[in-house]
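In our numbering, the protein residues as written are 362 to 936.
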């Protein structure tokens, strides 16, 4: 009967070197060989030496020395160690080959990473070279409003550039609700992450490449970069997105988060001619940015995404606010709840709070329009457009509000009383302090609606001076020594022959003659014939020189200067 497979055959299949026992050696009763305990030839076992070509035992087991405690290298019994080198009859790869493959893969990976990093770095610098540095962006503050005050210090007007109102407000003076609402709805990771949002950016890139609908992925820092340099209307393309990211990264690495947020809140457009949160608070709610409550803040924070679509003032007569603006406010409040900045109860209360909105025109006074037009012309002639670019001026004027009101009432009264009688539908009045030259009031047109003179500032326009010029004629006459205030002058029909032979025969305004009158009476009653007589006797060139010295600089122009026989000059007959 067979006792089973030959144990030597099994060992050979396992890759072990075996030798049959010598003749006569003792065998165990079960017929199995007994392995030697020290790896050398024993009297009752086999010889399990090192595998041919292995140069000894390895792992510290030198050839010819017995393994420790009868075990092979590493304490593993030789038979088990040898068998472990194989699985299912196949030899496992050697460790040096595996290690070599790992090293090669690592080197290739590092090389690829280095190459990729180099490409990214080079591309970053190429885009960076096309953009201004962060310091330039920070200094590029939008044009600031310039405020005008009367001689009592009361605000009366504001000059601004291109119809856009803008005033800077420090972050410390902005309501905490504005800051929370803005961050929660625009960039909830603003204080915890860098200047870009990789998940949102990846989404945008995928959509661009697959031609899907484009979406916004800009952080607050990137939005600041966009509105400061690229412009709010920049194309939504991958190229511009990269520029936005690069410039945003430069801004984020140069300025603190608070500085970035302050610049953003002062430059974002809210609609209603308001650029910046300070101006938005003033124009929409007639309040300071520091006093905005949760309802007002959540409304304003939602507007920059689309100032036209969400304009709360754009509504029909059946509502008091644009429904789209309320929907956007709801989104802002939900974002604030989701981020744990307010409770549901606070959100509901803010959404239900009624808000009163104002147009930008309501925030601008309309006092002394002719004086302000004169002031603007004066500023432009002396300072160019510096008062609106960069602006930020505080302009204190000599306008007296009491005298200005009186002047407006006086002009209107004269037009209402004598307009039809004298065919007078426009009038002007200016009061000047003769000691200082300060303009105290100015009315350039009594009736702005009048289609003849309503839009003309008669106080500053080059129009005929009329009989007011007689004052200079009589002043020059007295200065010449030829006349005094009591010199008698005959007011009677008189003809003056001009060099070309034409006869000039003036009349008085009332078509009457008043006989002999003292010079002061002729001046006080504005008689025409006595004025021409005094003018001829004094000399027109002499009078003109005095007028120019007194400040009538328009007469310096040769086209405006009267010639020596232009007798109507003293009656206002100037070019």
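For every residue, glycine included, the Cβ atom is placed at its ideal position computed from N, Cα and C.
Since the structure is predicted, the reported quantities are computational estimates derived from the model, not experimental observations.
Between which residues of its own chain and residue i is the CB-CB distance below 6 Å, once the five residues before and five after are set aside?
| i | result |
| --- | --- |
| residue 509 | 517, 518, 756 |
| residue 530 | 639, 650 |
| residue 416 | With a pLDDT of 45 at residue 416, under the threshold of 50, the predicted position of this residue should be treated as unreliable, though the coordinate-derived value follows. Cβ within range, chain order: n/a, list empty. |
| residue 703 | 697 |
| residue 821 | 735 |
| residue 769 | 804 |
| residue 345 | Residue coverage of the chain in this structure runs from 362 to 936, which leaves residue 345 outside it and unanswerable. |
| residue 732 | 760, 803 |
| residue 551 | 544, 581 |
Does the Cβ of residue i have 16 or more other Cβ atoms within 10 Å, making it buried, or fewer, making it exposed?
| i | result |
| --- | --- |
| residue 798 | exposed |
| residue 877 | exposed |
| residue 928 | buried |
| residue 835 | buried |
| residue 584 | buried |
| residue 885 | exposed |
| residue 718 | buried |
| residue 579 | buried |
| residue 553 | exposed |
| residue 462 | exposed |
| residue 536 | buried |
| residue 765 | buried |
| residue 495 | buried |
| residue 610 | buried |
| residue 823 | exposed |
| residue 899 | buried |
| residue 699 | exposed |
| residue 739 | exposed |
| residue 713 | exposed |
| residue 856 | exposed |
| residue 526 | buried |
| residue 863 | exposed |
| residue 500 | exposed |
| residue 881 | exposed |
| residue 470 | exposed |
| residue 507 | buried |
| residue 464 | exposed |
Beta-carbon within less than 8 Å of residue i's beta-carbon, same chain only, minus the 5 sequence neighbours each way: which residues are those?
| i | result |
| --- | --- |
| residue 817 | 787, 805, 806 |
| residue 879 | 846, 847, 848, 849, 850 |
| residue 859 | 865, 926, 928 |
| residue 852 | 869, 874, 875, 876, 877, 878, 883, 888, 890, 891 |
| residue 942 | Residue numbering for the chain in the displayed model covers 362 to 936; residue 942 lies beyond these limits and cannot be assessed. |
| residue 924 | 901 |
| residue 780 | 786 |
In chain order, what residues of the same chain lie with their CB nearer than 7 Å to the CB of residue i, ignoring the 5 residues before and after it?
| i | result |
| --- | --- |
| residue 657 | 646, 716 |
| residue 524 | 634 |
| residue 492 | 590, 604, 607, 608 |
| residue 711 | 655, 656, 659, 694 |
| residue 867 | 889, 890, 893, 932 |
| residue 903 | 837, 841 |
| residue 685 | 670, 671 |
| residue 426 | Low local confidence applies: a pLDDT of 42 at residue 426 is under 50, so the model's placement there is unreliable, and no value is given. |
| residue 773 | 807 |
| residue 676 | 682, 683 |
| residue 917 | 909 |
| residue 833 | 904, 907, 908, 911 |
| residue 312 | Coverage of the chain is limited to positions 362 through 936, which leaves residue 312 absent and any answer about it impossible. |
Quick one: measure Cβ to Cβ for residue i and residue j, integer angstroms, because I've assumed they're closer than 8 Å.
| i | j | result |
| --- | --- | --- |
| residue 534 | residue 659 | In fact, because the Cβ distance is near 19 Å, the residues do not count as touching under 8 Å. |
| residue 785 | residue 542 | About 58 Å; that fails the 8 Å criterion. |
| residue 758 | residue 736 | 6 Å |
| residue 623 | residue 532 | 4 Å |
| residue 637 | residue 626 | 7 Å |
| residue 762 | residue 511 | 5 Å |
| residue 643 | residue 747 | Contact flag wrong, Cβ pair sits at about 23 Å. |
| residue 631 | residue 664 | 5 Å |
| residue 800 | residue 662 | Not confirmed; about 44 Å, so no contact. |
| residue 628 | residue 588 | 5 Å |
| residue 720 | residue 674 | 6 Å |
Against chain B, with Cβ distances strictly below 8 Å, would residue i count as a contact?
| i | result |
| --- | --- |
| residue 831 | Structure shown: chain B not included; a single protein chain is present. |
Original post:
Any contact of the stretch 822-830 with the stretch 749-763, i.e. 3+ C-beta pairs under 8 Å?
Top reply: no
**Study point:** Contact the stretch 860-876 vs the stretch 908-919: 3+ CB pairs below 8 Å
**Key:** The stretch 860-876 is not in contact with the stretch 908-919.
The stretch 682-690 / the stretch 612-620 touching (three or more Cβ pairs under 8 Å): no
Assess, as a yes-or-no matter, whether the stretch 882-901 is touched by the stretch 915-932 under the definition of 3 or more beta carbon pairs within less than 8 Å. At 8 Å Cβ cutoff, the stretches touch.
(message) Give the list of continuous alpha helix (DSSP H) stretches no shorter than 4 residues that lie fully inside the stretch 638-698.
(response) 638-646, 655-662
As an exercise, report each continuous beta strand (DSSP E) stretch of at least 3 residues that is fully enclosed by the stretch 848-883, in chain order. As far as the stretch 848-883 is concerned, its whole beta strand (DSSP E) runs of at least 3 residues are 849-852, 876-879.
Where are the beta strand (DSSP E) runs, 3 residues long or more, that stay fully inside the stretch 791-834, in chain order?
Taking only runs of at least 3 residues, the beta strand (DSSP E) segments lying wholly in the stretch 791-834 are 800-804.
### Message
Suppose only complete runs of 4+ residues qualify. What are the alpha helix (DSSP H) ranges in the stretch 614-638, listed by chain order?
### Response
618-628
Which runs of the beta strand (DSSP E), 3 residues or longer, sit entirely within the stretch 689-772? 755-757, all fully within the stretch 689-772.
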